[in-house]
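Enquirer: Mind having a look at this structure? Questions to follow.
There are 4 protein chains.
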Amino acid sequence: MKYLFRNDYSFGAHPKVMDAVCAVNLEGNWGYGDDGHTARAKERIRQVCGLPEAMVEFLVGGTQTNVVACAFLLKPWQAAICPDSGHLNGHEVGAFEATGHKILPVPADAQGKIAPVDLVPVLERHQDPHLTEPKLVYISNATENGAVYTKAELTALYAFCREHGLYLFVDGARLGAALTSEANDLTLPEFARLCDAFYIGGTKNGAMFGEALVITRPELADGFFRMKKRMGAVMEKGWIQGVTFQTLFTDDLYFNMARHANQMAKRLQEGLKAKGWPLWVESPTNQVFVIAPNDKKPILDEVCDYEDWCPYDETHTVVRFVTCFHTAQADVDGLLAALPDLN
Amino acid sequence: MKYLFRNDYSFGAHPKVMDAVCAVNLEGNWGYGDDGHTARAKERIRQVCGLPEAMVEFLVGGTQTNVVACAFLLKPWQAAICPDSGHLNGHEVGAFEATGHKILPVPADAQGKIAPVDLVPVLERHQDPHLTEPKLVYISNATENGAVYTKAELTALYAFCREHGLYLFVDGARLGAALTSEANDLTLPEFARLCDAFYIGGTKNGAMFGEALVITRPELADGFFRMKKRMGAVMEKGWIQGVTFQTLFTDDLYFNMARHANQMAKRLQEGLKAKGWPLWVESPTNQVFVIAPNDKKPILDEVCDYEDWCPYDETHTVVRFVTCFHTAQADVDGLLAALPDLN
Amino acid sequence: MKYLFRNDYSFGAHPKVMDAVCAVNLEGNWGYGDDGHTARAKERIRQVCGLPEAMVEFLVGGTQTNVVACAFLLKPWQAAICPDSGHLNGHEVGAFEATGHKILPVPADAQGKIAPVDLVPVLERHQDPHLTEPKLVYISNATENGAVYTKAELTALYAFCREHGLYLFVDGARLGAALTSEANDLTLPEFARLCDAFYIGGTKNGAMFGEALVITRPELADGFFRMKKRMGAVMEKGWIQGVTFQTLFTDDLYFNMARHANQMAKRLQEGLKAKGWPLWVESPTNQVFVIAPNDKKPILDEVCDYEDWCPYDETHTVVRFVTCFHTAQADVDGLLAALPDLN
Amino acid sequence: MKYLFRNDYSFGAHPKVMDAVCAVNLEGNWGYGDDGHTARAKERIRQVCGLPEAMVEFLVGGTQTNVVACAFLLKPWQAAICPDSGHLNGHEVGAFEATGHKILPVPADAQGKIAPVDLVPVLERHQDPHLTEPKLVYISNATENGAVYTKAELTALYAFCREHGLYLFVDGARLGAALTSEANDLTLPEFARLCDAFYIGGTKNGAMFGEALVITRPELADGFFRMKKRMGAVMEKGWIQGVTFQTLFTDDLYFNMARHANQMAKRLQEGLKAKGWPLWVESPTNQVFVIAPNDKKPILDEVCDYEDWCPYDETHTVVRFVTCFHTAQADVDGLLAALPDLN
């Protein structure tokens, strides 16, 4: 049996979530999210975000949420600025372009982050009406490389966006990992006030599936349900998402799971460093990136599931290990024990 | 507590499905459907369809499946012919048009069915290259009005389609109800050979969610996974769909549930007739359509959940009752007992 | 040599237009409409419309203008209401659906017109958020059947639209014919105040090509140039459109040509009636619709170009004759002389 | 009066083209390109291309042609590979993405060209079905930077494309300049056999407007007219395009004009070098790129129309001068005389 570090969706839901879904399975509910569980889950999310007027809607997965939300906010000739390493740009088979919008990639730093200075040349160049109008900035927190935005960074970015009429959308597939990271200095309510829309990722943190999209400024939310329906993103048995998020935000389950995943990742990262495996980036969240010698990859393949991230050089590959709510300390220690010392 | 006849997605999954999903919840699986459960479920569906080469892919819900499948089969200038009462045309917030395709509605008969004769004028008119090219025929089985296509009808329709280079796509949201109806004379393998693509609806028959799309002619299937991903329709924890459909097609659970729903609907339909409630259409499946006097609707509202289907006349409304795997005989009898005798 | 009554784009431009285009051909101008001719033509159109703040932009053809303008005004989940006989619905190969929007056809009267009463049931039905949001009403003036909206009709329709938050867009491919019709009681400034956007068709009234889109409420116009460019609708040598419309609106050329076409059509219509050819509709503009006996069609084919409009019955076909600025009285009289008397 | 070197669409049509268009202006023709002039022009283009079976269709402008043609060839999940400097990627307000397709930019060399070696990593990376499928390679000849593909280069690129199932599309907005360049070693028939589709640009070489799209492999062309109509790209008075291209390909007018433009550009480029103005790239076609000192730009602004291409450094800007069929030797010499000597 291999150790599973391939991603944070290798396991299903936290048992509390499964129990809650099973408990309501046959109680009978209205469809399409018009049920009490969903209403209460939305209310709970508004509460934990400190945004009593925000729009909350549940979707199924990350790509779907990114695409529906970003396309919802844009007019046809408007484009999304995105770090070149961003998920919207890279890994979604053109799902966003399928809605008719161009992505304007900007080079991200080694952590996968972007800052106002990166946006300035895009805005200047796109004064030209023969080019798209940049109107939305897409970032991820945690980023694709496991980094988190600090309060200062996000404040600066959002201030710039507001000043230039840009929407700021945060992909929160790993928002739990971000907000429970040692590198984080933002509360959820603080975070929520520093963007126009974001989602709280359930799939990668203890749900069977489900993402909670929050549009923080209610004046932007008009018409969203129809947009969601039009994109085939409305679940008939929507209460499953409602019950899921009710449970995730009861007794701090969501953040406790994320914190656990981060701790397991830290233990793994420290252990790998101690054994002489060089890090590609130092990650404060639940993704660990290591520069693996290609001649050691057969050992990796034998003992664990992981992912090839990108080539590093002729003889090395960047590989990624991901932890989650279900990663046990014994798994981390077992993996470390099974790997050779490179010192 | 009301009797719940609003639709066939008022309840979650059959307990056997829930148990199976729970059983694998933490076993660890690869994402995106690249797991063994999904592979076995696909194989099982090919087997029950008698189509060893067919493509099977799982999607989340009905609108999504209709849209992804139909858009997949068409070139940009091609259109889908659809009964005017068809779900693709009516109830999907333009989800299909959102993929850039026009729907060519044709008048359906009182049962919601169409026949080759209905297609002829569309094809003639659309010889004109200033009009879209009709290329796909969308039907539902069971139809929106609860009817089922007979072997003769479907054979004639598909022969016409093949002769004229049209794809035939069957929305099988209620395929279980259709194939277990007393009005049905088709086996699943016979049915599967009479169309180019169809889906086996899970959401409306005992799954938490999930539809199994079958493209019966493998030469048409190339590229489908990317199309699905592009439409945000790939689940990260895809094994849930796999396990669900494995269970549905074990011990005939899928058809047993559908048969039960049909029996409950028949009992309800007979009971309503006996009490003098006129039927709008005689339905052989799990939807019952009644012409309700508007002055009796407060009683209906009090005792059950149901749906207003369409206005009938100044003083009557067509209402719909739907049964499902979880509808108990006591529910049917209780509802009937609670309704006034109109004789 | 046949008489050409097939359509109003069988001939090129009025000689004054050609002369004007030729006169500036080699003078050197900035591209993309950033030239003085275009600026002056826009200003002239604002002036003749009595709308000093309106947005005016030039496009190439009718389908393009309809599609760009309507898609510009709508959000993705919004739909256009359109008479079932409307050009947007029928004859554009799904060009509007290609922008991702659904058309909601409503039955038009025999003249091709719609009224507020036709819109009410659409709005009621589409309260349901599982359906598209109707947001724009598309009509043509003159209609596809040659009729014109009266001041009272258009006032009522626009008042209804404003009251219900609907945009009113008027396809003015034959606006000249409409506003110079004997059935018309609207001036151009009056007309322009009774809709949110319309276009003044050049192609069908004396231009080589070109349509002048007017968005009457400037607050709706923001971003239009980018939308136009995104749809491939910006001409590099845009001054040709500018010079064309300058000429069309000098010395009343545009309306004089349209008036002439209407007079020729009236002469033809009266002549046909006198010879016992039954009209399909009585048209006050430049299209004449006749119920032709199928056994007389060979004669028609021999003497003139015309168009089959639609089947009438087993032995008759509705055919259409169209006049234009270049139709001579001798052509009308010649055609009439060549046709058999059906009395 | 300034010297006009801003672009190759500052002037209208060559007098022979204008004369030809005027000559047929009132002769009466069928619409939508169903006329004899258009038929003969298509036949003539097939002939000069040496491709008797090729599909030829006329469109209005470059962006429209690029977008319609590339979208026509692709399935929804397929993407176009494009030099990062390519027009499709940069200057079309997301017109291509508006059709739902992603662009995969690859770094072009200093001349704006790409080679098979640039495509390899894209194809490797996109084996992953979670990414788009690269299916079409877009290049321009002449490139955006004025360079031309040699026979060896194009042969290698097309062989690679055929081997990997990629379509090769060549934007020929400046095809005349390319094929008459001193750097060119391809005849039009040779060129035409080295790609799947291309267009012969009329707008930038002596037409009022109009591009002739050639799909060299007729088996790829099925359905194109409907696609063109769906994109609003069918002209009602299509014979104008027909007559234009008939004239362009009579007595070698098209290539004679292009050769003249190239000669004028060469004279300008040589003259600028002689006066110490450094070239940004050495261009063998009708675009000249110079690194202009910013403190000399007021002089440039005073004496000529030109275009800022891109910033070079703190004190210099790359500027572009473009010649065309109407550029006179006196214009070149006048401009050179008016510019300061930087030696």
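Chains as they are written, first to last, in the numbering used here: chain A, 474 to 816; chain B, 474 to 816; chain C, 474 to 816; chain D, 474 to 816.
Glycine is no exception: its CB is placed at the ideal position from the N, C-alpha and C atoms.
Please read all numbers here as calculations on a predicted model, not as lab measurements.
1. Keeping to the same chain, check which residues put their C-beta closer than 8 Å to that of G504 (chain B); ignore five residues upstream and five downstream.
2. Taking the alpha-carbon positions, what's the A568 (chain B) to L639 (chain B) distance?
3. Please classify G679 (chain D): does DSSP put it in a helix, a strand, or coil?
4. If A765 (chain C) and T790 (chain C) are in contact, beta carbons under 8 Å, what's the gap, nearest whole angstrom?
5. Establish whether the CB of M491 (chain A) and some CB of chain B are separated by less than 8 Å.
6. So the candidates are B:L609, B:S483, B:N539 and B:I587; which of them puts its Cα closest to the Cα of A552 (chain B)?
7. What are the partner residues of A553 (chain D), as DSSP defines its beta bridges?
8. What is the rounded straight-line gap between the Cα of R598 (chain B) and the Cα of Q584 (chain B)?
9. Looking at H487 (chain B) and G749 (chain B), is the spacing between their C-beta atoms short of 8 Å?
10. Within its chain, find whatever has a CB closer than 7 Å to the CB of G475 (chain C); leave out the 5 residues flanking it on each side and keep chain order.
11. Figure out for me which residue from D:P757, D:G523 and D:M491 has the closest Cα to the Cα of V497 (chain C).
12. So, is the C-beta of T628 (chain B) closer than 8 Å to a C-beta in chain D?
13. Near F427 (chain A), what residues of its chain come up, given a Cβ to Cβ distance below 6 Å and the 5 sequence neighbours on each side ignored?
14. So is T676 (chain B) in contact with chain A if we call contact Cβ pairs under 8 Å?
15. Beta carbon of R703 (chain C), beta carbon of T689 (chain C): below 8 Å?
16. Output, in chain order, the set of chain A residues within a Cβ distance shorter than 9 Å of M700 (chain C).
17. At a CB distance below 9 Å, what residues from the segment 598-628 of chain B approach chain D? Give them in sequence order.
18. Tell me which residues share the same chain as I587 (chain A) and place their Cβ nearer than 7 Å to its Cβ, disregarding the 5 neighbours each side in the sequence.
19. For a test of the three-state rule: what should DSSP assign to Q584 (chain D), helix, strand or coil?
20. Measuring only between beta-carbons, confirm whether A486 (chain C) sits less than 8 Å from chain B.
21. For H560 (chain A), which residues in chain D fall below 7 Å Cβ to Cβ?
22. Could you work out which residues of chain D lie near Y482 (chain C), taking near to mean beta carbons separated by less than 7 Å?
23. Please state whether DSSP places E617 (chain A) in a helix, a strand or coil.
24. For A527 (chain C), count the other beta carbons within 10 Å of its own beta carbon; 16 or more makes it buried, fewer makes it exposed. Which is it?
25. For the beta strand (DSSP E) that contains A670 (chain D), what are its first and last residues?
26. Where does L641 (chain A) fall in DSSP's three states?
27. Since K575 (chain A) meets chain D, which of its residues come closer than 7 Å, beta carbon to beta carbon?
28. Tell whether a beta-carbon distance below 8 Å holds between L592 (chain A) and L693 (chain A).
29. Would you say G715 (chain A) and A514 (chain A) are within 8 Å of each other, going by their C-beta atoms?
30. May I have the straight-line CA-CA distance separating T628 (chain D) from V494 (chain D), to the nearest angstrom?
31. Residues in its own chain within less than 7 Å of K851 (chain D) by CB, not counting five upstream and five downstream?
32. CB-CB under 7 Å to G573 (chain D), same chain, minus the five flanking residues each way: which ones, in chain order?
33. Is there a Cβ from chain A that is less than 8 Å from the Cβ of L477 (chain B)?
34. Identify the contact partners of R793 (chain A) in chain C, using a Cβ-Cβ distance below 8 Å as the criterion.
35. I'd like to confirm the pairing. Which residues does DSSP put opposite M528 (chain B) in its beta bridges?
36. What is the DSSP secondary structure of L477 (chain A), reduced to helix, strand or coil?
Expert: Answer, in terms of the structure:
1. E709, K710 and G711
2. 21 Å
3. coil
4. 5 Å
5. yes
6. B:L609
7. D:I576 and D:L609
8. 25 Å
9. no
10. In the sequence under discussion, the amino acid at residue 475 (chain C) is Lys, which differs from the Gly named in the question. Here the set comprises V776, C777 and D778.
11. D:M491
12. no
13. Because chain A is modelled from 474 through 816, residue 427 (chain A) falls outside the range shown and cannot be assessed.
14. yes
15. no
16. K548, P549 and W550
17. P602, H603, L604, T605 and E606
18. P556, V579, A581 and I612
19. coil
20. no
21. Simply none; closest approach about 10 Å.
22. G504, E709 and K710
23. coil
24. buried
25. A670 to G674
26. strand
27. G567 and E570
28. no
29. yes
30. 38 Å
31. In the structure as shown, chain D begins at 474 and stops at 816. Residue 851 (chain D) is therefore absent and cannot be evaluated.
32. P549
33. yes
34. Within chain C, no residue comes near R793 (chain A); the closest Cβ sits about 35 Å away, beyond 8 Å.
35. B:I688
36. strand
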